[in-house]
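Peer 1:
Number of protein chains: 2
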Amino acid sequence: MTVTIDSDRLWNRHMELARFGATAGGGVWRLALDGSDLEAHRALADIALGLGFKLFLDDVGNLFIRREGLDPLLPPVVSGSHCDSQPNGGRFDGIFGVLAALEALQSIQQSGVQTRHPLECVVWNNEEGSRFAPGCMGSAVYSGVMSLEQALATIGDDGVPLRDCVRALRELLPEAEHRPLGTPFAALIEAHIEQGPELEEGGITLGVVTGMQGNLRLMVDVTGREDHSGTTPRRRRKDAFFSAVTIVQALREALHDEKDVLRFTVGRFSISPNAWSVVPGRASFAIDLRHPDQAELERCHAIVIETVARHAAPCEATVTQKSSAIPVSFEGPVRDAIQRAAQLRQISHRSIYSGAGHDSRYFPGLCPTGMLFIPCKDGISHNEAEYASPSDIAAGAQIVADVMLELAS
Amino acid sequence: MTVTIDSDRLWNRHMELARFGATAGGGVWRLALDGSDLEAHRALADIALGLGFKLFLDDVGNLFIRREGLDPLLPPVVSGSHCDSQPNGGRFDGIFGVLAALEALQSIQQSGVQTRHPLECVVWNNEEGSRFAPGCMGSAVYSGVMSLEQALATIGDDGVPLRDCVRALRELLPEAEHRPLGTPFAALIEAHIEQGPELEEGGITLGVVTGMQGNLRLMVDVTGREDHSGTTPRRRRKDAFFSAVTIVQALREALHDEKDVLRFTVGRFSISPNAWSVVPGRASFAIDLRHPDQAELERCHAIVIETVARHAAPCEATVTQKSSAIPVSFEGPVRDAIQRAAQLRQISHRSIYSGAGHDSRYFPGLCPTGMLFIPCKDGISHNEAEYASPSDIAAGAQIVADVMLELAS
Numbered sequence: 003m004t005v006t007i008d009s010d011r012l013w014n015r016h017m018e019l020a021r022f023g024a025t026a027g028g029g030v031w032r033l034a035l036d037g038s039d040l041e042a043h044r045a046l047a048d049i050a051l052g053l054g055f056k057l058f059l060d061d062v063g064n065l066f067i068r069r070e071g072l073d074p075l076l077p078p079v080v081s082g083s084h085c086d087s088q089p090n091g092g093r094f095d096g097i098f099g100v101l102a103a104l105e106a107l108q109s110i111q112q113s114g115v116q117t118r119h120p121l122e123c124v125v126w127n128n129e130e131g132s133r134f135a136p137g138c139m140g141s142a143v144y145s146g147v148m149s150l151e152q153a154l155a156t157i158g159d160d161g162v163p164l165r166d167c168v169r170a171l172r173e174l175l176p177e178a179e180h181r182p183l184g185t186p187f188a189a190l191i192e193a194h195i196e197q198g199p200e201l202e203e204g205g206i207t208l209g210v211v212t213g214m215q216g217n218l219r220l221m222v223d224v225t226g227r228e229d230h231s232g233t234t235p236r237r238r239r240k241d242a243f244f245s246a247v248t249i250v251q252a253l254r255e256a257l258h259d260e261k262d263v264l265r266f267t268v269g270r271f272s273i274s275p276n277a278w279s280v281v282p283g284r285a286s287f288a289i290d291l292r293h294p295d296q297a298e299l300e301r302c303h304a305i306v307i308e309t310v311a312r313h314a315a316p317c318e319a320t321v322t323q324k325s326s327a328i329p330v331s332f333e334g335p336v337r338d339a340i341q342r343a344a345q346l347r348q349i350s351h352r353s354i355y356s357g358a359g360h361d362s363r364y365f366p367g368l369c370p371t372g373m374l375f376i377p378c379k380d381g382i383s384h385n386e387a388e389y390a391s392p393s394d395i396a397a398g399a400q401i402v403a404d405v406m407l408e409l410a411s
Numbered sequence: 003m004t005v006t007i008d009s010d011r012l013w014n015r016h017m018e019l020a021r022f023g024a025t026a027g028g029g030v031w032r033l034a035l036d037g038s039d040l041e042a043h044r045a046l047a048d049i050a051l052g053l054g055f056k057l058f059l060d061d062v063g064n065l066f067i068r069r070e071g072l073d074p075l076l077p078p079v080v081s082g083s084h085c086d087s088q089p090n091g092g093r094f095d096g097i098f099g100v101l102a103a104l105e106a107l108q109s110i111q112q113s114g115v116q117t118r119h120p121l122e123c124v125v126w127n128n129e130e131g132s133r134f135a136p137g138c139m140g141s142a143v144y145s146g147v148m149s150l151e152q153a154l155a156t157i158g159d160d161g162v163p164l165r166d167c168v169r170a171l172r173e174l175l176p177e178a179e180h181r182p183l184g185t186p187f188a189a190l191i192e193a194h195i196e197q198g199p200e201l202e203e204g205g206i207t208l209g210v211v212t213g214m215q216g217n218l219r220l221m222v223d224v225t226g227r228e229d230h231s232g233t234t235p236r237r238r239r240k241d242a243f244f245s246a247v248t249i250v251q252a253l254r255e256a257l258h259d260e261k262d263v264l265r266f267t268v269g270r271f272s273i274s275p276n277a278w279s280v281v282p283g284r285a286s287f288a289i290d291l292r293h294p295d296q297a298e299l300e301r302c303h304a305i306v307i308e309t310v311a312r313h314a315a316p317c318e319a320t321v322t323q324k325s326s327a328i329p330v331s332f333e334g335p336v337r338d339a340i341q342r343a344a345q346l347r348q349i350s351h352r353s354i355y356s357g358a359g360h361d362s363r364y365f366p367g368l369c370p371t372g373m374l375f376i377p378c379k380d381g382i383s384h385n386e387a388e389y390a391s392p393s394d395i396a397a398g399a400q401i402v403a404d405v406m407l408e409l410a411s
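Chain order of the listed sequences is A and B. Heads up, the first sequence is in the numbering used here, so the first residue is 3 and it goes up one at a time. Heads up, the second sequence is in the numbering used here, so the first residue is 3 and it goes up one at a time.
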């Protein structure tokens with residue numbers, strides 16, 4: 003019992019969805035529940051309703067599209083990802099996983115095949131965390147890692163609380179029934195672009211994800227003193243920017259990993275008052291650390307604290323932990339089913355470790371969980387130039403359909 | 003023939019004006035022609051009209067408060083400064099020079115003394131340049147250094163062109179007559195807080211300004227590539243932020259001046275897209291260089307260009323000159339009159355060189371020009387903690403009144 007997905011329909015749907023928040027440079031700027039993201043949700047809902055599927059929305063803004071099973075009381079087999087993007091992000095990150103799952107549901111529906119378990123496509127809210135920090139918020143609340151109250155109280159970069167945006171989403175989707183947080187899944191499979199170069203470099207179509215590296219996020223705040231830039235001699239200055247630069251250079255040395263496994267990024271940086279004639283009195287920056295080994299992340303955390311303390315003078319500096327996610331490994335029936343399906347379909351595949359964090363990170367302890375990757379051009383993601391080919395997209399979605407069918411039967 | 007200024011009235015007026023744009027931290031946030039700055043202009047106009055003075059406004063938004071002379075056809079003796087502030091600026095920078103001049107006009111008016119030349123208090127528009135860059139814009143246009151068209155077309159940080167703000171100012175001050183740009187002055191004297199530590203450290207009340215250092219402003223733009231921070235190995239990154247940090251560290255070494263005469267400041271810095279999970283694709287920062295010797299500034303300019311080129315890899319970087327002001331020296335009748343008045347009043351004084359740039363920089367070639375400084379606490383300026391004492395403020399204003407009287411007789 004197999005179904006074949008429609009690769010043209012799937013590609014066209016990617017191009018349609020890329021219109022919501024489209025940038026002049028060919029990418030997408032669609033931050034969690036902003037105007038474009040709300041439009042994307044509505045477009046997905048319209049497709050789903052047109053196919054006769056039901057909609058469910060939970061209290062943190064996760065959307066579920068459900069094809070009923072023979073036994074509606076069984077937990078659903080779920081697949082999906084997210085539809086928000088980074089600022090100046092790409093057309094495939096997140097939305098590919100959603101559209102692959104929706105295509106699986108649609109092709110199964112149109113084939114007439116009945117499954118014992120219900121099938122669901124999930125659209126996790128706020129995976130990127132670029133409007134509301136931290137990311138993977140919808141999945142974190144659903145899985146119980148973060149409290150609903152904390153999530154809803156989060157204030158966006160634009161000053162709007164997530165609570166108001168979730169309310170707007172609920173009003174936008176009056177057809178959606180209420181889904182209690184934490185409602186169990188029979189299994190979870192997430193498809194995603196690799197966001198790295200390995201599959202493309204190896205000429206491989208499918209990555210069977212074995213695990214996901216841990217992620218530690220720290221904020222460094224440097225406090226000096228504002229002074230007039232024309233009159234204040236160097237010896238009297240407490241220049242928060244120069245201290246921050248010294249700290250960053252020291253961190254680059256102290257965190258240098260010859261093997262290039264550790265990912266160390268300063269993605270956010272600001273100074274105050276940010277004026278030509280004023281010695282900066284404050285500087286703040288974000289440190290994003292990722293590694294497959296939790297012990298290594300803890301060692302890096304200690305290095306950051308020590309390095310910041312040693313190099314802040316003549317200013318003062320603090321280190322604040324913003325979030326921490328331990329490394330996870332994917333083992334068991336979903337990963338095995340992905341592997342089996344790829345073999346049956348004769349799609350080239352290999353095991354791969356995930357450098358990026360994804361919503362599925364919270365589920366291995368709750369239900370059988372797995373992920374698959376497809377290549378993306380030059381390994382580039384979080385960038386307008388992000389690209390995945392129609393054939394790779396089709397291959398990934400076919401495996402999602404095959405695995406969902408197998409697990410739901 | 004002397005007049006005595008009213009020090010209590012002058013202090014109280016400083017405190018009144020500090021209400022426009024007052025910050026919670028005791029400072030002032032009053033950017034050129036923003037709502038608070040417009041209110042401050044209106045308050046100054048109301049005081050002037052109440053005293054029977056006339057108002058004049060020129061096409062770039064400079065305000066003149068005029069006490070008529072016995073011979074209205076003679077050019078006016080002018081004193082003043084500016085009433086805009088830096089973001090989170092202080093209560094004395096700029097406004098002291100305006101209120102000292104206004105106090106001089108008022109006490110001369112109330113003493114009944116007649117002067118041959120008209121006396122004027124000038125409020126230069128946009129000295130700070132923190133909303134509309136560059137600063138000293140009103141005086142630059144008045145003196146012919148910058149074209150009116152270029153100034154009016156300048157777009158503020160908030161997206162509003164200066165042209166609209168000048169129109170708003172004109173509507174706010176319907177009593178003001180039109181003043182043609184470049185109308186000659188008999189002499190110009192500007193009082194200002196020192197914005198440095200020297201007078202306070204020496205226990206001196208008055209600085210007779212001998213000159214002003216030159217100022218070179220450069221913008222560095224670094225272009226790398228946005229990438230996913232979790233998946234992209236270091237060897238594949240083009241991190242614009244890390245390249246900018248490397249450049250800044252190299253500049254600090256290359257521009258290190260053991261004598262601590264050169265002022266090197268990076269006051270503005272930004273990265274894009276400024277997101278936790280994205281390797282920065284762009285970084286931009288502002289370099290402010292000041293030195294009494296123009297040849298030294300030119301040498302520094304060459305060093306910046308060379309250092310940026312050498313340390314930008316693996317990114318690319320450009321250097322753009324935003325403005326340049328050569329060093330000036332104050333000599334002649336105004337400086338002599340300041341010195342004489344301080345001697346007669348037995349106010350402790352010394353010669354001092356100006357580290358900051360001021361509107362008077364453009365006038366030594368046009369009319370006799372001079373400046374005086376009073377101490378400010380701990381040398382701190384462009385900061386909410388900026389402070390000048392009532393007695394120093396009174397001493398400075400008294401000298402302004404004495405010098406204006408002498409030069410206008």
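Ideal Cβ positions, reconstructed from N, Cα and C, are used throughout, including at glycine.
Take E122 of chain A and list the residues in its own chain whose beta-carbon comes closer than 6 Å to its own, dropping the five residues that flank it on each side.
Peer 2: For E122 of chain A, where only same-chain residues beyond five positions count, the Cβ hits under 6 Å are F66, R68, P78 and V80.
Peer 1: Enumerated in chain order, which unbroken segments of the alpha helix (DSSP H) with a length of 4 residues or greater are wholly contained in the stretch 225 to 288 of chain B?
Peer 2: DSSP runs (the alpha helix (DSSP H)) wholly in the stretch 225 to 288 of chain B: 242 to 256.
Peer 1: Is it right to say A285 of chain A is buried, meaning 16 or more other beta carbons lie within 10 angstroms of its own, or is it exposed?
Peer 2: When all chains shown are included, A285 of chain A counts as buried.
Peer 1: If distances are taken between C-alpha atoms only, which option among A:F55, A:F94 and A:D295 comes closest to E388 of chain A?
Peer 2: With distances taken between Cα atoms, E388 of chain A lies closest to A:F94.
Peer 1: Would you verify that the beta carbon of S149 of chain B is, or is not, closer than 8 Å to some beta carbon of chain A?
Peer 2: Not an interface residue.
Peer 1: Under 8 Å between C-beta atoms, does D160 of chain B make it to chain A?
Peer 2: No - not a single Cβ of chain A is within 8 Å of the one on D160 of chain B.
Peer 1: I'd like to know whether the C-beta atoms of V310 of chain A and V247 of chain A end up nearer to each other than 8 Å.
Peer 2: No, these two residues do not count as a Cβ contact at 8 Å.
Peer 1: Does DSSP classify G37 of chain A as helix, strand or coil?
Peer 2: It is helical.
Peer 1: Considering only DSSP beta bridges, list what D223 of chain A is partnered with.
Peer 2: DSSP lists A:S286 and A:T320 as partners of D223 of chain A.
Peer 1: How many angstroms separate the CA atom of A206 of chain A from the CA atom of Y144 of chain A?
Peer 2: It is worth fixing the name first, because residue 206 of chain A is Ile in this sequence and not Ala. Answer to the nearest angstrom: the Cα atoms are 33 Å apart.
Peer 1: Answer with yes or no whether the minimum CB distance from H384 of chain A to chain B is below 8 Å.
Peer 2: Yes, because at least one Cβ of chain B sits closer than 8 Å to the Cβ of H384 of chain A.
Peer 1: Going by alpha carbons, who is nearest to V5 of chain B out of B:F365, B:A403 and B:T185?
Peer 2: With distances taken between Cα atoms, V5 of chain B lies closest to B:A403.
Peer 1: Given a limit of 8 Å on CB to CB distance, which residues of the stretch 218 to 249 of chain B reach chain A?
Peer 2: Correct list: R219, R227, E228, D229, H230, S231, G232, T233, T234, P235, R236, R237, R238, D241, F243, F244, V247 and T248.
Peer 1: Note down, in chain order, every chain A residue with its Cβ under 9 Å from the Cβ of G359 of chain B.
Peer 2: Chain A residues near G359 of chain B: G232 and S279.
Peer 1: Can you list the residues of chain B that I273 of chain A reaches, using a CB-CB cut of under 7 Å?
Peer 2: Within 7 Å Cβ-Cβ: F271.
Peer 1: Would you call the CB atoms of V211 of chain A and Q341 of chain A closer than 8 Å?
Peer 2: Cβ atoms of V211 of chain A and Q341 of chain A: not closer than 8 Å.
Peer 1: Just confirm the distance between the C-beta atoms of A256 of chain B and I305 of chain B, as a whole number of angstroms; I'd bet it's less than 8 Å.
Peer 2: 5 Å between Cβ atoms; contact.
Peer 1: With a threshold of 8 Å between beta-carbons, can R352 of chain B be considered close to chain A, or not?
Peer 2: No, no contact with chain A.
Peer 1: Count the other CB atoms, across all protein chains shown, that sit within 10 Å of the CB of T267 of chain B; report buried if there are 16 or more and exposed otherwise.
Peer 2: Buried, by the Cβ-count rule.
Peer 1: Report yes if the C-beta distance between H84 of chain B and E129 of chain B is below 8 Å; otherwise report no.
Peer 2: Cβ distance < 8 Å, so H84 of chain B and E129 of chain B count as in contact.
Peer 1: How should E177 of chain B be labelled, buried or exposed, when 16 other C-beta atoms within 10 angstroms of its C-beta is the threshold for buried?
Peer 2: The residue in question, E177 of chain B, is exposed, as its Cβ has fewer than 16 Cβ neighbours within 10 Å.
Peer 1: Pairing CB atoms from the stretch 360 to 368 of chain A with CB atoms from the stretch 218 to 238 of chain A, are three or more of them under 8 Å?
Peer 2: No, the stretch 360 to 368 of chain A does not touch the stretch 218 to 238 of chain A.
Peer 1: Suppose you measure from the CA of A242 of chain A to the CA of V281 of chain A; what does that come to, to the nearest Å?
Peer 2: Each residue's alpha carbon lies about 8 Å from the other.
Peer 1: So, is the C-beta of A319 of chain B closer than 8 Å to a C-beta in chain A?
Peer 2: Answer no: the Cβ-Cβ gap between A319 of chain B and chain A never drops below 8 Å.
Peer 1: Going by DSSP, name the residue or residues bridged to R352 of chain A.
Peer 2: R352 of chain A is bridged to A:G209.
Peer 1: With a threshold of 8 Å between beta-carbons, can E130 of chain A be considered close to chain B, or not?
Peer 2: Yes, contact with chain B.
Peer 1: Name the one or two DSSP bridge partners that T371 of chain B has.
Peer 2: Answer is B:L190, bridged to T371 of chain B.
Peer 1: The alpha helix (DSSP H) spanning I307 of chain B covers which residue range?
Peer 2: That run of the alpha helix (DSSP H) goes Q296 to H313.
Peer 1: Since I believe Q116 of chain B is in contact with L53 of chain B (beta carbons under 8 Å), could you give me their beta-carbon distance rounded to a whole number of angstroms?
Peer 2: That pair is no contact at about 15 Å.
Peer 1: Would you give the residue range spanned by the beta strand (DSSP E) that V125 of chain B belongs to?
Peer 2: Note, V125 of chain B: beta strand (DSSP E), L121 to W126.
Peer 1: Sort A:I328, A:N276 and A:E192 by Cα distance to A297 of chain A and report the nearest one.
Peer 2: Comparing Cα-Cα distances from A297 of chain A to each of A:I328, A:N276 and A:E192, the minimum goes to A:I328.
Peer 1: Could you compute how far the alpha carbon of I249 of chain A sits from the alpha carbon of R347 of chain B?
Peer 2: About 52 Å.
Peer 1: Under 9 Å between beta-carbons, which chain A residues line up against R93 of chain B? List them in chain order, please.
Peer 2: Those do not exist, as R93 of chain B stays about 14 Å from chain A at its closest Cβ, beyond 9 Å.
Peer 1: Going by beta carbon distance, what residues of the same chain come within less than 6 Å of E105 of chain B, once the five residues before and after it are set aside?
Peer 2: Hits under 6 Å: I7, L12 and A399.
Peer 1: Hey, out of B:C302, B:P186 and B:C317, whose CA is closest to L76 of chain B's CA?
Peer 2: Out of B:C302, B:P186 and B:C317, B:P186 has the C-alpha closest to the C-alpha of L76 of chain B.
Peer 1: Which of helix, strand or coil does DSSP assign to A135 of chain B?
Peer 2: A135 of chain B: coil per DSSP, three-state reduction.
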